[in-house]
Amino acid sequence: MEFNLIQIVPELYQLLLIVALFCQSLGDGSDTPPAERWLPFFAAFGVFVNIVSFNAQGLIFGGAYKLDALSQFFKLAIAAGFYVAVLNASRQPSLEERKRPDYFMFLALSAWGLMLLSSAVELITIYLALEISSYSLYAVIPLRSVNGKGVPGAAEAAIKYILFGAVATGLALYGFSYILASQHTSYIAELALRSWTWSGQPMAVVGLSLFLGGLFFKLALFPFHFWCPDAYQGASNETAGFVATLPKLGAVVVLVRLAVLLKPGLEITTLLAVLGACSMTFGNLCALAQKDIKRLLGFSSVAHAGYIMVGLVSGTAMGLAAAVFYALAYVAMNLLCFWVVSRVASDGRNLQLDDLNGLYKRSPGLAFALGVGAFALVGLPPTMGFMGKFFLIASAWDHGYNWLVITLVVNSAIAIYYYLGLVRHAYTHEAGEDVPTPDNSAFSLFGAGILAAVVLVLGMVPGRVFDFAILAGKQLLP
Amino acid sequence: MEFGYPVLTTLIVFPLLAAAGLFLIKSPQVARVYTMGASILELILAIPLFTFKHIADWQFVERAAWVPQWGLEYHLAVDGISYLMVMLTIAILPLCVMCSWTYISKRVKEFHFCLLFMTAACVGVFAALDLVLFYVFWEAMLIPMYLLIAVWGGDQRRYASLKFFLFTLAGSTLLLAAIVAFRITGGTFSIPELMQTNFSFNFQFWAFLAMALAFAIKVPMFPFHTWLPAAHVQAPSAGSVILAAVLLKMGTYGFLRFCLPLTPAASEYFAPLMIAISIASILYGGAIALGQEDIKKLVAYSSVGHMGFVTLGIFLFNQRGVEGALFQMLNHGIITGALFMMIGTVYERSHSRLIKDNMGMGKYLPAFMFFWGLYALASLGFPGTNGFVGEILVFVGAFQKSPYIGALLVPGALLGAAYMFRVTLKMAWGQPSSAKTWPDLNTREWAYLLIPALFVFYIGLAPKLFFDVIDPSVEKLVSDLKSRAKVEQVVAAQPAPVAVAAAVVPVAHAADSPAQPVNN
């Protein structure tokens, strides 16, 4: 197909932002407006750019880069998520002024990698895009300081993240070599035509399992999740808000593309289902015992990674659509929760559950938003979390993995306790001595209100958005 | 829309709008008056419901696509089974506002927000005819109830609210799985259409269990009742009233609306078990109530017993039994709601719920004791009151089914009289502690106690109108059940294809499921 620059305007625009931030980071910052001042407007325009190029189609760069409904849908979601993350980080108390351009550059770079990832349909391209998005996060996590000094916990988190990331990518690359050696191609479209049974192609199955490991690391799926709570806890609230949300979109989009290989009944599909079940059970059980809110949300994201697997293993267009929708719901709910966490911890501390005590008095708006976020994560109607979970269950039932569906349902029941803990502390406990003063500015409440509205409205009338998800799913698995 | 507006939707949406409007109000007193006004307006909006025709069909039907990709519909309607529950829900709201007028002094706005939200969700539960829509309302009502207990409750509110939430939500997660299974096997989420579908016995078996767990927790049936006393005791008056009058009915309503019509054969199969559990609830609830020192706890345990009568009536599968169950649902809502309001009234005077702190009021608060005595008599089923009508119908149904079941009910009814007389005698003629200084009922309290009293006598003395409303639907329910359960038994005798059982045996079943999976 004829290559046309118009097709990749969103990526180019994001690259432009990165270059601008890079240029700014070269100076000492005295001549230019601070990055957190101008970037939100440009990031908002990025969302608009993505809306405009929503209908782009094409297979370019030698068949390695595909623009279709799925990729454009995710790019839009990533751009929107990036906008929220930038807004969220713009008032970061634990980030020095002179490091801000660099910080935002890395965020933008990571989002750019994720955009590339959502279009990549060739394993090497996927690998490169994955690395672009990961490397920038390695640099972002340790950027946390209190009173001008770095926080050791953040450095520890970064080291953990890098080490786990390195091992995971090593595995992925090793697995890729197996796939290439046995199937003689790295294009997903061609791989889909090959056999993926254990008896026919054991080498390829091993290879694919290892390659998926790299993605599971991003998604924080059991057993690649160990970095997740530690990294969230060590990183600043705003950084954790980014790490917890957007990279999952990237991982899900690749998994959705690879799902064409994963027919129900194949060994590898069953492996995915088992990992999903382990992930949700392990994540939920661990989260029960957490006191640190970011750790709690970390384990909760391990559990949610498991939920997404339910849609992927069903092997139907509806299942993929449900996974896509749930990933979107997950990002929206977590952005909301992290938004509240970041605003409540206005001094940049790590919030403990007790720090939420009496939040309804100190900031009724944020407490309400937190309630919406927590109930959405539980999966209570009328929120997006419920609809997402409902779609997952409905699509996966009767496709060979009913035990997984039952596991999901039972897990939702386990998860109630700790999500309810957030609401309980915010609403029924009285504030103690040393609680942080929440940010009650219009900016903070408006952001929380918009995100809460998204979670609620898409929970009540999910039809339109789900149409796009179905479009994406149908084209992969007609 | 013969009334110019969609009646049921309005009844759901109006409280939500009113609740949103509360945020514009600053003063607590204005918030109370505003909510009172809104609840009366809600009653006025419900006037078209009085044109309800006495037939078994769905009425006030509203149907629109909601999420067409999954076949979800926005489908509301009422029949004889749900009609009275909708009415009860709407009628309880102004009483709740009145009885918390002085009882609730902190965070008044939020409190009324929860009440209004709750009403909307409850009407939705009783009117929804789409399984998912039903589930949405069913779960949505948990959050305000949780907050009512957790924020405005007594000393142990955190424990009680958490227990309430965990019990109910844990039960209903399996309900969701059952709902999805119905869709995959039956091809639709629409309840009326599913009622026409015959499912294999194996499917019914599992679907019944999944649904019955959710409903049994909600009712609550012994042994899932432990959340109820905690929640009732800790909840504020209005919370207890809604809990007793409306929430508990959702469980029994679920049995009537889902278990019996959708899984007739399994209902028949499990009926002996359900009957046994119901009788256990009646006897156990009554016996425990007899030993309580806390008035609120006593009434809470009496609820377990009364709801046992309801579930018993349902699973007798005869006309009288189901009629009795419906009457008992309505009556329990009125009587127990009123009793909880009275406990709130006396609590505002004595600041204690213990019997020993509330004794000897006969002389000093005659009006209060009159109402208490009336509701206590109604609660134990004294002839002339509404409680009698419900209980006698269940008795008749039980004796029709088997004299042994009937015989087991007799001690249950006796226990009811025993615990109610015990507490009433002490409250009226015990040694007064500080009752001498308390004022008798004021006008507001008269108002909210008089309204249920009228219904106690009206249903007790002239229940014909209510029979007319429920009978066509009950007849249809019972005859459908009888005919379909028979058909099912023929089918069940043959090797039936497995559907829900797949939950246990996950592999190699997809090919032979009875209906084509519809979501590909």
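Residue numbers (our numbering), protein chains in the order written: chain A, 676 to 1153; chain B, 4 to 523.
Virtual Cβ for every residue (Gly too), placed ideally from N, Cα, C.
These numbers were taken from a predicted model, which means no experiment stands behind them.
Exercise. Is the CB of E271 of chain B under 8 Å away from at least one CB in chain A?
Worked result: Locating residue 271 of chain B in the second sequence gives position 268, counting from the first residue. With 8 Å as the cut-off, E271 of chain B does not count as an interface residue toward chain A.
For this session: Give every residue of the same chain whose Cβ lies closer than 8 Å to the Cβ of E142 of chain B, excluding the five residues on either side of it in the sequence, and list them in chain order.
Result: Stepping through the second sequence from its first residue, residue 142 of chain B is reached at position 139. Around E142 of chain B: L172, S175.
Exercise. Which of helix, strand or coil does DSSP assign to R186 of chain B?
Worked result: Here residue 186 of chain B refers to the residue found at position 183 of the second sequence. R186 of chain B: helix per DSSP, three-state reduction.
Exercise. In this structure, does DSSP put H78 of chain B in helix, strand or coil?
Worked result: As a first step, residue 78 of chain B must be located in the second sequence, where it is residue number 75. In the structure shown, H78 of chain B sits in a strand (DSSP, three-state: E or B).
Exercise. If you measure from the beta carbon of A906 of chain A to each beta carbon in chain B, is any gap under 8 Å?
Worked result: Here residue 906 of chain A is taken as the residue at index 231 of the first sequence, counted from 1. Output row for A906 of chain A: interface = no.
Exercise. Could one say the Cβ of R161 of chain B lies closer than 8 Å to chain A's Cβ atoms, at least one of them?
Worked result: Numbered from 1 along the second sequence, position 158 holds the residue referred to as residue 161 of chain B. Against chain A, the CB of R161 of chain B has a partner CB under 8 Å away; the residue lies at that interface.
For this session: Taking 8 Å as the threshold, find out whether the region 345 to 355 of chain B comes into contact with the region 462 to 477 of chain B through three or more Cβ pairs.
Result: no
For this session: Indicate the three-state DSSP secondary structure (helix, strand or coil) for T8 of chain B in the structure shown.
Result: For the purposes of this step, residue 8 of chain B is identified with residue 5 of the second sequence, where counting begins at 1. The sequence given here places Tyr at residue 8 of chain B; Thr does not occur at that position. In the structure shown, Y8 of chain B sits in coil (DSSP, three-state: anything other than H, G, I, E or B).
Exercise. Helix, strand or coil: which one does DSSP assign to V521 of chain B?
Worked result: As a first step, residue 521 of chain B must be located in the second sequence, where it is residue number 518. Note that V521 of chain B has pLDDT 42, beneath the 50 cutoff, so the model's placement of it is unreliable and the number below is only indicative. V521 of chain B falls in the coil class under three-state DSSP.
Exercise. The region 59 to 77 of chain B: which residues have C-beta closer than 9 Å to a C-beta of chain A, in chain order?
Worked result: A68, W69, V70, P71, Q72, W73, L75
For this session: Establish whether the CB of D515 of chain B and some CB of chain A are separated by less than 8 Å.
Result: To locate residue 515 of chain B, count along the second sequence from 1; it is residue 512. In this prediction, D515 of chain B scores a pLDDT of 41, lower than 50, which makes its location untrustworthy; the coordinate-derived value is nonetheless stated afterwards. Output row for D515 of chain B: interface = no.
Problem set entry | C-beta neighbour in chain A for G190 of chain B, strict 8 Å | Reading the second sequence from its first residue, position 187 is the one you call residue 190 of chain B. Chain A contact via Cβ: absent.
Exercise. When the Cα atoms are used, what is the spatial distance from I1125 of chain A to A1051 of chain A?
Worked result: Locating residue 1125 of chain A in the first sequence gives position 450, counting from the first residue. Locating residue 1051 of chain A in the first sequence gives position 376, counting from the first residue. Between I1125 of chain A and A1051 of chain A, the C-alpha separation is close to 15 Å.
Exercise. When you compare each of A:S785, A:F901, A:Y740 to G756 of chain A by their alpha carbons, which one comes out closest?
Worked result: As a first step, residue 756 of chain A must be located in the first sequence, where it is residue number 81. G756 of chain A has its Cα closest to that of A:S785, out of A:S785, A:F901, A:Y740.
For this session: Measuring alpha carbon to alpha carbon, tell me which of B:P414, B:V392, B:A431 ends up nearest M553 of chain B.
Result: Past the boundaries of the shown model lies residue 553 of chain B; chain B is included only from 4 to 523, so the question cannot be answered.
For this session: Say whether chain B places a C-beta atom closer than 8 Å to the C-beta of S1038 of chain A.
Result: Locating residue 1038 of chain A in the first sequence gives position 363, where the first residue counts as 1. So, not an interface residue.
Exercise. Tell me, which residues are paired with V821 of chain A by DSSP?
Worked result: As a working mapping, residue 821 of chain A is identified with position 146 in the first sequence. Answer is A:K824, bridged to V821 of chain A.
Exercise. Between which two residues does the beta strand (DSSP E) harbouring E65 of chain B extend?
Worked result: Against the second sequence, residue 65 of chain B aligns to sequence position 62. Taken as a continuous stretch (DSSP letters only), the beta strand (DSSP E) holding E65 of chain B covers 62 to 70.
Exercise. Taking I801 of chain A as the reference, which of A:F851, A:P1113, A:V1019, A:L995 has the closest Cα?
Worked result: Taking the first residue of the first sequence as position 1, residue 801 of chain A is located at position 126. I801 of chain A has its Cα closest to that of A:F851, out of A:F851, A:P1113, A:V1019, A:L995.
Problem set entry | Integer-rounded CB distance, given that P1111 of chain A should sit under 8 Å from S1038 of chain A | Here residue 1038 of chain A is taken as the residue at index 363 of the first sequence, counted from 1. Here residue 1111 of chain A is taken as the residue at index 436 of the first sequence, counted from 1. About 10 Å separates the two Cβ atoms, so there is no contact after all.
For this session: Examine chain E for any beta-carbon lying closer than 8 Å to the beta-carbon of P1057 of chain A, and answer yes or no.
Result: Checking the listed chains, one finds no chain E in this structure; the protein chains it contains are A and B.
For this session: Would you mind sorting N1025 of chain A into buried or exposed? The rule is 16 or more other CB atoms within 10 Å of its CB.
Result: Taking the first residue of the first sequence as 1, we reach residue 1025 of chain A at position 350. By the 10 Å Cβ count, N1025 of chain A comes out buried.
Exercise. Which partner residues does S193 of chain B have in the DSSP bridge list?
Worked result: Here residue 193 of chain B refers to the residue found at position 190 when the second sequence is read from its first residue. Partner(s): B:D133.
For this session: Anything in chain B within Cβ reach of D1030 of chain A, meaning under 7 Å, just list it in chain order.
Result: As a working mapping, residue 1030 of chain A is identified with position 355 in the first sequence. Chain B residues near D1030 of chain A: none, gap ~18 Å exceeds 7 Å.
Exercise. So the alpha helix (DSSP H) I863 of chain A belongs to, where does it begin and stop?
Worked result: Stepping through the first sequence from its first residue, residue 863 of chain A is reached at position 188. 863 to 866 is the extent of the alpha helix (DSSP H) around I863 of chain A.
Exercise. Using the C-alpha atoms, what's the distance from F206 of chain B back to F168 of chain B?
Worked result: The sequence position of residue 168 of chain B within the second sequence is 165, counting from 1. The sequence position of residue 206 of chain B within the second sequence is 203, counting from 1. So the alpha carbons of these two residues sit roughly 29 Å apart.
Exercise. So, does the CB of I1091 of chain A fall closer than 8 Å to a CB anywhere in chain B?
Worked result: The residue given as residue 1091 of chain A occupies position 416 in the first sequence. Yes - at least one Cβ of chain B is within 8 Å of the one on I1091 of chain A.
Exercise. Taking buried to mean at least 16 other C-beta atoms within 10 Å of its own C-beta, is Y407 of chain B buried or exposed?
Worked result: For the purposes of this step, residue 407 of chain B is taken as the residue at position 404 of the second sequence. Exposed, by the Cβ-count rule.
Exercise. Quick one: any contact between the region 744 to 759 of chain A and the region 700 to 711 of chain A, if contact means 3 or more CB pairs under 8 Å?
Worked result: no
Exercise. Counting contacts by CB-CB distance shorter than 8 Å, is Y802 of chain A in contact with chain B?
Worked result: Along the first sequence, one-based indexing puts residue 802 of chain A at 127. No, no contact with chain B.
For this session: Report buried or exposed for Q32 of chain B, applying the criterion of at least 16 other Cβ atoms within 10 angstroms of its Cβ.
Result: In the second sequence, counting from the first residue as 1, residue 32 of chain B sits at position 29. Result: exposed.
For this session: At 8 Å on the CB atoms, spell out the chain A contacts of A173 of chain B, in chain order.
Result: The residue given as residue 173 of chain B occupies position 170 in the second sequence. In chain order: A1088, I1091.
Exercise. Does the beta-carbon distance from V313 of chain B to M332 of chain B come in below 8 Å?
Worked result: Along the second sequence, read from residue 1 onward, the residue named residue 313 of chain B stands at position 310. Along the second sequence, read from residue 1 onward, the residue named residue 332 of chain B stands at position 329. Contact flag set, yes.
Exercise. Using a C-beta cutoff of 8 Å, does N1138 of chain A count as contacting chain B?
Worked result: Sequence index remark: in the first sequence, residue 1138 of chain A carries index 463 (1-based). Note that residue 1138 of chain A corresponds to Gly in the displayed sequence, not to Asn. G1138 of chain A counts as touching chain B.
For this session: Inspect the beta-carbon positions of L658 of chain A and I1081 of chain A and report whether they are closer than 8 Å.
Result: An answer regarding residue 658 of chain A cannot be provided, because it is not within the stretch 676 to 1153 covered by chain A.
Problem set entry | 8 Å Cβ cut-off: residues of chain A touching E142 of chain B | The residue you call residue 142 of chain B lines up with position 139 of the second sequence. Going along chain A in sequence order, the residues near E142 of chain B (Cβ under 8 Å) are L1055, P1056, F1061.
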